[in-house]
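Position one of the sequence shown corresponds to residue 12 (our numbering), numbered consecutively onward.
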Amino acid sequence: MSDPITQLPSLPPSYEPGRRWSAGFNSFIGVVALLAILVMVNYLAATRLQWRYDWVSAQRPQLSPLTVATLGGLTNEVKAIVLFDPSSDLYRHVKGLLREYSLQSPRISVQLVDYVRDATLATAIKTRYGLGANTGDLVIFDAGGRQFRTVDDSEMSTYDADVKGMMAGKNQEIRRVAFRGEALFTAALAGLSEASGTRAYFLRGHGENDPSSDDERNGYSRWVRLLAEKNVESRVFTHLLAGVPEECS
(Lines of atoms letter the chains of each structure in order from A and count residues from 1; the text may use other names and numbers.)
(Lines give C-alpha, C1' and ligand atoms only; values in the text may rest on other atoms or scores of the structure.)
Protein backbone atom coordinates (compact mmCIF):
# COMPACT_ATOMS: atom_id res chain seq x y z
CA MET A 1 0.00 0.00 0.00
CA SER A 2 1.49 3.25 -1.10
CA ASP A 3 2.09 6.07 1.34
CA PRO A 4 -0.53 8.72 1.19
CA ILE A 5 0.64 12.00 -0.32
CA THR A 6 0.65 14.76 2.25
CA GLN A 7 -1.30 17.76 0.98
CA LEU A 8 0.42 21.00 1.87
CA PRO A 9 -1.82 23.97 2.48
CA SER A 10 -1.86 26.36 -0.52
CA LEU A 11 -0.13 29.73 0.14
CA PRO A 12 -1.62 32.99 -1.08
CA PRO A 13 0.21 34.59 -4.01
CA SER A 14 3.01 36.94 -2.94
CA TYR A 15 1.47 39.87 -4.87
CA GLU A 16 -2.27 39.77 -5.32
CA PRO A 17 -3.76 41.49 -8.38
CA GLY A 18 -5.83 43.81 -6.18
CA ARG A 19 -2.85 44.94 -4.22
CA ARG A 20 -0.89 45.40 -7.42
CA TRP A 21 -3.61 47.67 -8.82
CA SER A 22 -3.84 49.63 -5.55
CA ALA A 23 -0.10 50.23 -5.44
CA GLY A 24 -0.04 51.33 -9.07
CA PHE A 25 -2.91 53.71 -8.47
CA ASN A 26 -1.20 55.19 -5.42
CA SER A 27 1.98 55.69 -7.42
CA PHE A 28 0.00 57.42 -10.15
CA ILE A 29 -1.67 59.71 -7.61
CA GLY A 30 1.73 60.51 -6.10
CA VAL A 31 3.17 61.47 -9.48
CA VAL A 32 0.13 63.64 -10.25
CA ALA A 33 0.38 65.31 -6.85
CA LEU A 34 4.10 65.97 -7.36
CA LEU A 35 3.43 67.51 -10.78
CA ALA A 36 0.67 69.62 -9.28
CA ILE A 37 3.01 70.87 -6.57
CA LEU A 38 5.71 71.70 -9.13
CA VAL A 39 3.20 73.57 -11.29
CA MET A 40 1.93 75.47 -8.25
CA VAL A 41 5.44 76.39 -7.12
CA ASN A 42 6.33 77.63 -10.61
CA TYR A 43 3.11 79.58 -10.81
CA LEU A 44 3.65 81.20 -7.42
CA ALA A 45 7.25 82.01 -8.32
CA ALA A 46 6.20 83.60 -11.61
CA THR A 47 3.37 85.48 -9.94
CA ARG A 48 5.65 86.73 -7.19
CA LEU A 49 8.25 87.81 -9.73
CA GLN A 50 5.60 89.66 -11.71
CA TRP A 51 4.27 91.26 -8.51
CA ARG A 52 7.77 92.33 -7.53
CA TYR A 53 8.34 93.77 -11.00
CA ASP A 54 5.07 95.68 -10.89
CA TRP A 55 5.79 96.90 -7.36
CA VAL A 56 9.24 98.16 -8.32
CA SER A 57 7.85 99.77 -11.46
CA ALA A 58 5.18 101.49 -9.42
CA GLN A 59 7.90 103.18 -7.34
CA ARG A 60 9.47 104.73 -10.42
CA PRO A 61 8.05 108.12 -11.33
CA GLN A 62 6.11 108.19 -14.57
CA LEU A 63 7.22 111.23 -16.55
CA SER A 64 4.50 113.43 -18.00
CA PRO A 65 4.14 113.87 -21.78
CA LEU A 66 5.31 117.48 -21.41
CA THR A 67 8.50 116.36 -19.68
CA VAL A 68 9.14 113.69 -22.29
CA ALA A 69 8.63 116.26 -25.06
CA THR A 70 10.93 118.78 -23.34
CA LEU A 71 13.67 116.19 -22.89
CA GLY A 72 13.28 115.08 -26.48
CA GLY A 73 13.68 118.66 -27.68
CA LEU A 74 16.99 119.30 -25.92
CA THR A 75 19.75 120.23 -28.35
CA ASN A 76 22.58 120.85 -25.88
CA GLU A 77 24.13 118.98 -22.99
CA VAL A 78 22.70 119.79 -19.56
CA LYS A 79 24.29 118.80 -16.26
CA ALA A 80 22.02 118.51 -13.23
CA ILE A 81 24.06 119.12 -10.10
CA VAL A 82 22.26 117.81 -7.01
CA LEU A 83 23.73 119.83 -4.14
CA PHE A 84 21.97 118.01 -1.32
CA ASP A 85 22.32 116.49 2.10
CA PRO A 86 21.50 112.78 1.51
CA SER A 87 19.68 112.65 4.85
CA SER A 88 17.07 115.07 3.53
CA ASP A 89 13.56 113.66 3.04
CA LEU A 90 13.55 115.00 -0.51
CA TYR A 91 16.88 113.56 -1.58
CA ARG A 92 15.64 110.16 -2.79
CA HIS A 93 12.77 111.80 -4.70
CA VAL A 94 15.12 114.24 -6.42
CA LYS A 95 17.69 111.55 -7.17
CA GLY A 96 15.08 109.10 -8.53
CA LEU A 97 13.37 111.71 -10.69
CA LEU A 98 16.58 112.97 -12.26
CA ARG A 99 17.62 109.38 -12.92
CA GLU A 100 14.46 109.03 -15.03
CA TYR A 101 15.35 112.26 -16.85
CA SER A 102 18.80 110.91 -17.69
CA LEU A 103 17.33 107.59 -18.85
CA GLN A 104 14.89 109.44 -21.07
CA SER A 105 17.49 111.76 -22.61
CA PRO A 106 21.20 111.06 -23.18
CA ARG A 107 21.79 114.83 -23.05
CA ILE A 108 21.07 114.91 -19.31
CA SER A 109 23.85 114.02 -16.89
CA VAL A 110 23.51 113.99 -13.11
CA GLN A 111 26.17 114.87 -10.53
CA LEU A 112 25.43 114.11 -6.87
CA VAL A 113 27.27 116.35 -4.40
CA ASP A 114 26.99 115.81 -0.66
CA TYR A 115 27.82 119.28 0.65
CA VAL A 116 28.17 117.92 4.19
CA ARG A 117 30.86 115.33 3.45
CA ASP A 118 32.46 117.01 0.42
CA ALA A 119 32.59 120.61 1.59
CA THR A 120 35.50 121.55 -0.69
CA LEU A 121 33.69 120.56 -3.88
CA ALA A 122 30.46 122.12 -2.62
CA THR A 123 32.21 125.44 -1.93
CA ALA A 124 33.74 125.44 -5.41
CA ILE A 125 30.32 124.86 -6.96
CA LYS A 126 28.71 127.63 -4.89
CA THR A 127 31.45 130.03 -5.95
CA ARG A 128 31.14 129.07 -9.61
CA TYR A 129 27.42 129.82 -9.67
CA GLY A 130 27.47 132.81 -7.32
CA LEU A 131 25.57 131.03 -4.57
CA GLY A 132 25.74 132.02 -0.92
CA ALA A 133 28.00 130.15 1.46
CA ASN A 134 25.01 128.79 3.38
CA THR A 135 23.24 127.57 0.26
CA GLY A 136 22.30 123.89 0.18
CA ASP A 137 19.62 121.40 -0.83
CA LEU A 138 19.03 122.56 -4.38
CA VAL A 139 19.48 121.40 -7.96
CA ILE A 140 21.50 123.37 -10.51
CA PHE A 141 20.78 122.82 -14.21
CA ASP A 142 23.82 123.93 -16.18
CA ALA A 143 23.58 124.21 -19.96
CA GLY A 144 27.03 125.77 -20.35
CA GLY A 145 27.87 129.27 -21.51
CA ARG A 146 26.82 130.83 -18.19
CA GLN A 147 23.31 129.53 -18.69
CA PHE A 148 21.92 127.79 -15.64
CA ARG A 149 18.82 127.42 -13.51
CA THR A 150 18.45 126.56 -9.84
CA VAL A 151 15.56 124.86 -8.06
CA ASP A 152 15.56 125.21 -4.28
CA ASP A 153 14.21 122.50 -1.97
CA SER A 154 11.72 124.97 -0.46
CA GLU A 155 10.00 125.12 -3.85
CA MET A 156 9.77 121.37 -4.35
CA SER A 157 7.02 120.55 -1.87
CA THR A 158 3.37 121.40 -1.33
CA TYR A 159 2.39 121.49 2.32
CA ASP A 160 -0.88 121.05 4.16
CA ALA A 161 -1.18 122.87 7.47
CA ASP A 162 -4.10 123.21 9.84
CA VAL A 163 -3.85 126.97 10.19
CA LYS A 164 -6.81 127.30 12.54
CA GLY A 165 -5.53 124.49 14.72
CA MET A 166 -2.07 126.04 14.83
CA MET A 167 -3.49 129.42 15.80
CA ALA A 168 -5.52 127.77 18.55
CA GLY A 169 -2.48 125.87 19.77
CA LYS A 170 -4.12 122.51 19.09
CA ASN A 171 -2.06 121.34 16.14
CA GLN A 172 1.47 122.27 15.11
CA GLU A 173 1.85 119.70 12.33
CA ILE A 174 2.71 120.71 8.77
CA ARG A 175 2.51 117.78 6.35
CA ARG A 176 4.15 117.47 2.95
CA VAL A 177 1.39 116.38 0.58
CA ALA A 178 3.01 116.61 -2.85
CA PHE A 179 6.40 116.67 -4.54
CA ARG A 180 6.60 119.36 -7.26
CA GLY A 181 10.02 118.40 -8.57
CA GLU A 182 8.98 117.41 -12.08
CA ALA A 183 7.12 120.64 -12.83
CA LEU A 184 10.06 122.75 -11.62
CA PHE A 185 12.78 120.66 -13.26
CA THR A 186 10.99 120.60 -16.61
CA ALA A 187 10.37 124.37 -16.45
CA ALA A 188 14.07 124.92 -15.77
CA LEU A 189 15.04 122.80 -18.78
CA ALA A 190 12.50 124.57 -20.97
CA GLY A 191 13.96 127.93 -19.92
CA LEU A 192 17.45 126.78 -20.85
CA SER A 193 16.19 125.74 -24.28
CA GLU A 194 14.99 129.25 -25.07
CA ALA A 195 17.06 131.81 -26.93
CA SER A 196 19.98 133.46 -25.18
CA GLY A 197 18.87 135.55 -22.25
CA THR A 198 19.08 139.21 -21.43
CA ARG A 199 21.59 141.04 -19.27
CA ALA A 200 21.04 143.10 -16.14
CA TYR A 201 23.50 145.41 -14.37
CA PHE A 202 23.84 146.28 -10.69
CA LEU A 203 25.25 149.69 -9.86
CA ARG A 204 28.04 149.53 -7.25
CA GLY A 205 30.46 151.90 -5.55
CA HIS A 206 27.96 154.37 -4.11
CA GLY A 207 26.70 152.47 -1.06
CA GLU A 208 24.43 150.12 -3.01
CA ASN A 209 23.66 146.63 -1.76
CA ASP A 210 26.03 143.86 -2.82
CA PRO A 211 24.55 141.46 -5.40
CA SER A 212 27.01 138.73 -4.36
CA SER A 213 26.10 138.86 -0.67
CA ASP A 214 23.62 136.41 0.87
CA ASP A 215 22.90 138.74 3.78
CA GLU A 216 19.15 138.73 4.36
CA ARG A 217 18.91 142.51 4.82
CA ASN A 218 21.62 143.98 2.61
CA GLY A 219 22.47 141.25 0.11
CA TYR A 220 21.00 140.68 -3.35
CA SER A 221 22.32 137.18 -4.03
CA ARG A 222 18.84 135.65 -3.97
CA TRP A 223 17.64 138.27 -6.45
CA VAL A 224 20.60 137.41 -8.70
CA ARG A 225 19.61 133.73 -8.57
CA LEU A 226 16.02 134.56 -9.45
CA LEU A 227 17.23 136.55 -12.45
CA ALA A 228 19.46 133.67 -13.51
CA GLU A 229 16.48 131.32 -13.37
CA LYS A 230 14.82 133.59 -15.92
CA ASN A 231 17.92 133.45 -18.12
CA VAL A 232 19.00 136.96 -17.13
CA GLU A 233 22.75 137.40 -16.68
CA SER A 234 23.77 139.78 -13.89
CA ARG A 235 26.78 142.11 -14.05
CA VAL A 236 28.11 145.11 -12.11
CA PHE A 237 29.04 148.62 -13.27
CA THR A 238 30.31 151.57 -11.25
CA HIS A 239 30.58 154.53 -13.61
CA LEU A 240 27.08 155.96 -13.54
CA LEU A 241 28.11 159.18 -15.30
CA ALA A 242 29.33 157.14 -18.25
CA GLY A 243 25.80 155.92 -18.79
CA VAL A 244 24.17 152.52 -18.71
CA PRO A 245 26.13 149.87 -20.65
CA GLU A 246 24.75 149.35 -24.14
CA GLU A 247 24.31 145.59 -23.71
CA CYS A 248 22.17 146.12 -20.62
CA SER A 249 18.68 144.92 -21.43
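Glycine residues also receive a C-beta, built at the ideal position from the N, C-alpha and C atoms.
Exposure of P76, with buried meaning 16 or more beta-carbon neighbours within 10 Å:
exposed
Alpha-carbon to alpha-carbon, D153 and S95
Note that residue 95 corresponds to Phe in the displayed sequence, not to Ser. In a straight line, the C-alpha of F95 is about 16 Å away from that of D153.
Roughly how many whole angstroms lie between the Cα atoms of L108 and P72?
6 Å
DSSP state of G83, grouped into three classes?
helix
For the candidate residues N220, A211, S223 and F248, whose alpha-carbon lies nearest to that of L238?
A211
Cβ-based burial, E193 [other Cβ within 10 Å; buried from 16]
buried
If we count the other Cβ atoms within 10 Å of its Cβ and call it buried at 16 or more, is V89 buried or exposed?
buried
What span of residues does the alpha helix (DSSP H) with D204 cover, start to end?
Sequence inspection shows Ser at residue 204; the Asp mentioned does not correspond to that position. First-last of the alpha helix (DSSP H) with S204: G192 to S204.
Considering only DSSP beta bridges, list what T209 is partnered with.
V243
Quick one: residues in its chain with C-beta nearer than 8 Å to the C-beta of A144, no 5 flanking neighbours on either side, listed in chain order?
Within its own chain, the residues whose Cβ lies closer than 8 Å to the Cβ of A144, once the five positions on either side in sequence are excluded, are T134, K137 and D225, listed in chain order.
Here's the rule: buried if 16 or more other CB atoms are within 10 angstroms of the residue's CB, otherwise exposed. What is P222?
buried
First and last residue of the beta strand (DSSP E) that includes Q122?
I119 to D125
Tell me which residue opens and which closes the alpha helix (DSSP H) that T138 is part of.
Counted as a single uninterrupted DSSP element, the alpha helix (DSSP H) harbouring T138 occupies residues A130 to R139.
Excluding sequence positions up to five away, which residues of its chain have a Cβ less than 6 Å from the Cβ of I119?
V89, Y112 and S113
Drop a sphere of 10 angstroms on the beta-carbon of T161, count the other beta-carbons inside from all chains shown, and report buried for 16 or more, exposed for fewer.
buried
Is it true that the CB of D129 sits closer than 7 Å to the CB of P97?
no
Please return the same chain residues whose Cβ sits closer than 7 Å to the Cβ of S312, not counting the five positions on each side in sequence.
The question about residue 312 has no answer, for the chain in this structure spans 12 to 260.
Once the 5 residues before and after A201 are set aside, which same chain residues still bring their CB inside 8 Å of it?
The residues are T81.
Taking only the alpha-carbon atoms, compute the straight-line gap between E227 and V188 and give it to the nearest angstrom.
29 Å
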